[in-house]
Amino acid sequence: MRRGSIVRITIYGVIAGTLASVVAVLVPWLPTSASEEMDRIEFTFWFTTVICIGIFAIVAAAIAYSVLKFRAADDDERDGPPIHGHTGLEIVWTAIPAVLVTAISIVSAVVLAKNDDVGGNPLRIAVTAQQFAWKFEYPDETTSGSLVLPLDQPVKLTLRSLDVIHSFWVPEFGQKSDAVPGIETTLTITPTRIGSYSVVCTELCGLGHATMRAQVQVMSRADYEAFLEREASGGGEPSGDDGEAVFASAGCGGCHAFEPAGTDAAVGPSLDELEGGEEFIRESIVDPNAVLAQGYQGGVMPNTYDKSLTDEQLDALVQYLSDGQGG
Ligand SMILES: [Cu+2]
1393 MRRGSIVRIT IYGVIAGTLA SVVAVLVPWL PTSASEEMDR IEFTFWFTTV ICIGIFAIVA
1453 AAIAYSVLKF RAADDDERDG PPIHGHTGLE IVWTAIPAVL VTAISIVSAV VLAKNDDVGG
1513 NPLRIAVTAQ QFAWKFEYPD ETTSGSLVLP LDQPVKLTLR SLDVIHSFWV PEFGQKSDAV
1573 PGIETTLTIT PTRIGSYSVV CTELCGLGHA TMRAQVQVMS RADYEAFLER EASGGGEPSG
1633 DDGEAVFASA GCGGCHAFEP AGTDAAVGPS LDELEGGEEF IRESIVDPNA VLAQGYQGGV
1693 MPNTYDKSLT DEQLDALVQY LSDGQGG
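Quick note on the working numbering: the sequence shown kicks off at 1393 and runs consecutively.
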């Protein structure tokens, strides 16, 4: 190849590589990391992206050069000359990608292993998913509808589902795992940034799926201890006698409008004007298909509240709904 050609190919490659790099760097593809695990995932992402940009630059340069150099004249209708492959080239373009793909596999395997390894003494939090709410249980049996984590402390989440498959994901933490009925899955998170994030359910789990979110707060160790103390002394939700908190944490607002709770979903009937007393309300919650509200389908409202709510929580909820009537 002549020197002039090599210079041209190089220029095309640099242009293509620069354009691809600008797109890679300027578009915020990933949320800002808030965990050690996300840092590693980011590393894998950039490792792969840099390789891809390199390959893209080489391929784009070869195409641009060929298109410009070997373009047929407008009136040239002949077939091109018959050519046979080029063994040397074929070996190169098989061997190099094989090495690169192997490198990506190794990096990914190391990152996966590290992101699963929670170390010797993790904080354990049990996460329970149900249509359409998350519940978090801390080591001292404190329960909360929001996830509170101390900074720089490896946490092992055990995920359970009471009904269908859900999936736990906090974009800033990177890690994601399904909550599957009948089995327990785990997830390791080591938060590195104080702040407030969202747990998002990423498995289409029913009509209220889009509302299945919970708050995550990463705070200093001292603030975390204070939070636990506050929850333990009864300030928390839903300890049993707070119907409003039960309504929120059980996900009722994902489907029902109820003015006292400030919700306006319309999957199920509004709960503002229920016809029937406390007994009817209780039955509608524990056995939703026994009597169907007019104009609504059965099988939509979860029939698991019987199991997932304690008696005190159910009493509080019924009381809350019944107090909210006719207001
Ligand atoms: Cu879900």
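Beta carbons are placed, not taken as given, at the ideal position from N, Cα and C, and that holds for glycine.
The model shown is predicted, which means the values in this text are computed figures rather than measured ones.
#1: What are the uninterrupted segments assigned as alpha helix (DSSP H) that are 4 or more residues long and contained completely in the segment 1552-1607, given in chain order?
#2: Shorter than 7 Å, the distance from the beta carbon of Arg1597 to the closest heavy atom of ligand 1, or not?
#3: With a threshold of 16 other CB atoms inside 10 Å of the CB of Asp1634, please say whether the residue is buried or exposed.
#4: Using the Cα positions of Ser1559 and Thr1582, report the straight-line distance between them to the nearest angstrom.
#5: In three-state DSSP terms, what is Glu1438?
#6: What is the DSSP secondary structure of Asp1615, counted as helix, strand or coil?
#7: Quick check on the burial criterion: 16 or more other C-beta atoms within 10 angstroms. Buried or exposed for Thr1402?
#8: Got a sec? Which residues, its chain only, sit under 7 Å from Ala1426 by beta carbon, not counting five neighbours each side?
#9: Expressed to the nearest angstrom, what Euclidean distance is found between the alpha-carbon atoms of Thr1494 and Thr1436?
#10: Under three-state DSSP, which class holds Phe1650?
#11: Given that a residue counts as buried once 16 or more other Cβ atoms are within 10 Å of its Cβ, and exposed if not, what is Ser1478?
#12: Suppose you measure from the CA of Glu1629 to the CA of Ala1614; what does that come to, to the nearest Å?
#13: With a threshold of 7 Å, establish whether the CB of Phe1672 neighbours any heavy atom of ligand 1.
#14: Grouping DSSP H, G and I as helix and E and B as strand, with all else coil, what is Ile1407?
#15: Measuring CB to CB, does Thr1534 end up less than 8 Å from Glu1636?
#16: Straight-line CA distance for Ser1458 to Ala1487?
#17: Here's the rule I'm using: 16 or more other beta-carbon atoms within 10 Å means buried, otherwise exposed. How should Ser1631 be labelled?
#18: So Gly1646 and Met1693 are supposed to be a Cβ contact under 8 Å. How far apart are they, rounded?
#19: My guess is that Ser1700 and Leu1515 are in contact by the Cβ rule of under 8 Å, so how many angstroms apart are they, rounded?
#20: Does DSSP put Glu1670 in a helix, in a strand, or in coil?
#21: Quick one: using the 10 Å Cβ neighbour count with 16 as the cut-off for buried, is Ile1398 buried or exposed?
#22: Decide if His1648 is buried, meaning its Cβ has at least 16 other Cβ atoms within 10 Å, or exposed.
#23: To which residues does DSSP link Lys1548 through a beta bridge?
#24: Ala1408 and Phe1448: beta carbons closer than 8 Å?
#25: Where does Arg1394 fall in DSSP's three states?
#26: With respect to 7 Å, is the separation between the Cβ of Cys1647 and the closest non-hydrogen atom of ligand 1 below this value?
#27: Extract the residue ranges of the alpha helix (DSSP H) inside the segment 1479-1514, only unbroken runs of 4 or more that lie entirely within it.
#28: Return yes when at least one heavy atom of ligand 1 lies under 7 Å from the C-beta of Cys1444, else no.
#29: For a test of your reading of the model: does the CB of Phe1524 fall under 7 Å from any non-hydrogen atom of ligand 1? Yes or no.
#30: What is the DSSP secondary structure of Ser1662, counted as helix, strand or coil?
#31: Going by the C-beta, is Cys1644 closer than 7 Å to any heavy atom of ligand 1?
#32: Which partner residues does Phe1528 have in the DSSP bridge list?
#33: Just to confirm before moving on: does the CB-CB distance between Asp1679 and Asn1695 stay below 8 Å?
#34: Can Ala1602 and Trp1526 be called in contact, C-beta distance under 8 Å?
#35: Would you call Val1562 buried or exposed, if buried means 16 or more other Cβ atoms sit within 10 Å of its Cβ?
Working from what's here:
#1: Scanning the segment 1552-1607 for uninterrupted alpha helix (DSSP H) segments of 4 residues or longer gives nothing; none is fully contained.
#2: Inspection of the sequence shows that residue 1597 is occupied by Cys rather than by Arg. For Cys1597, the CB falls within less than 7 Å of some heavy atom of ligand 1.
#3: Counting Cβ neighbours within 10 Å, Asp1634 comes out buried, since at least 16 surround it.
#4: Their backbone Cα atoms lie some 19 Å apart in a straight line.
#5: Contrary to the premise, residue 1438 reads as Trp rather than Glu in this sequence. Helix at Trp1438.
#6: In the structure shown, Asp1615 sits in a helix (DSSP, three-state: H, G or I).
#7: Exposed is the call here.
#8: Non-local C-beta neighbours of Ala1426 in its own chain, meaning closer than 7 Å and more than five positions away in sequence, comprise Glu1564, Phe1565, Pro1583, Thr1584, Arg1585, Gly1587, Tyr1589 and Val1610, ordered along the chain.
#9: Distance between the alpha carbons of Thr1494 and Thr1436 is about 13 Å.
#10: Phe1650: strand per DSSP, three-state reduction.
#11: Checking the sequence, you will find His at residue 1478 rather than Ser. Exposed is the call here.
#12: For Glu1629, the pLDDT reaches just 46, beneath the cut-off of 50, and the residue's location in the model is therefore unreliable, leaving the point undetermined.
#13: Checking the Cβ of Phe1672 against ligand 1 gives no.
#14: Three-state DSSP puts Ile1407 in a helix.
#15: Taking a C-beta distance under 8 Å as the contact criterion, Thr1534 and Glu1636 do not qualify as a contact pair.
#16: Cα to Cα, the separation comes out at about 23 Å.
#17: In this predicted model, Ser1631 has a pLDDT of only 47, less than 50, meaning its place in the structure is not dependable; the value taken from the coordinates is given anyway. Ser1631 counts as buried, since no fewer than 16 other beta carbons sit within 10 angstroms of its beta carbon.
#18: Contact between Gly1646 and Met1693 does not hold, since the beta-carbon distance rounds to 11 Å and is not under 8 Å.
#19: Not confirmed; about 24 Å, so no contact.
#20: Here Glu1670 sits in helix by DSSP.
#21: Residue environment for Ile1398: exposed (fewer than 16 other C-beta atoms within 10 angstroms of its C-beta).
#22: Classified as buried, His1648 has 16 or more neighbouring CB atoms from the shown chains inside 10 Å of its CB.
#23: Answer by DSSP bridge pairing, in chain order: Arg1516 and Thr1580.
#24: In contact: Ala1408 and Phe1448 (Cβ atoms closer than 8 Å).
#25: Looking at Arg1394 - three-state DSSP - the assignment turns out to be coil, as it is neither helix nor strand.
#26: With a cutoff of 7 Å, Cys1647 does not count as near ligand 1, since its C-beta is closer than that to no heavy atom of the ligand.
#27: Here the runs fully enclosed are 1479-1508.
#28: In this structure, Cys1444 has its beta carbon at no less than 7 Å from each heavy atom of ligand 1.
#29: Flag set: Cβ of Phe1524 near ligand 1.
#30: Here Ser1662 sits in coil by DSSP.
#31: Incorrect: Cys1644 has no Cβ contact closer than 7 Å to ligand 1.
#32: Val1519 and Ser1536.
#33: Contact check for Asp1679 against Asn1695 passes: the beta carbons are separated by less than 8 Å.
#34: Not a contact, by the Cβ cut-off of 8 Å.
#35: Buried, because 16 or more other Cβ atoms sit within 10 Å of the Cβ of Val1562.
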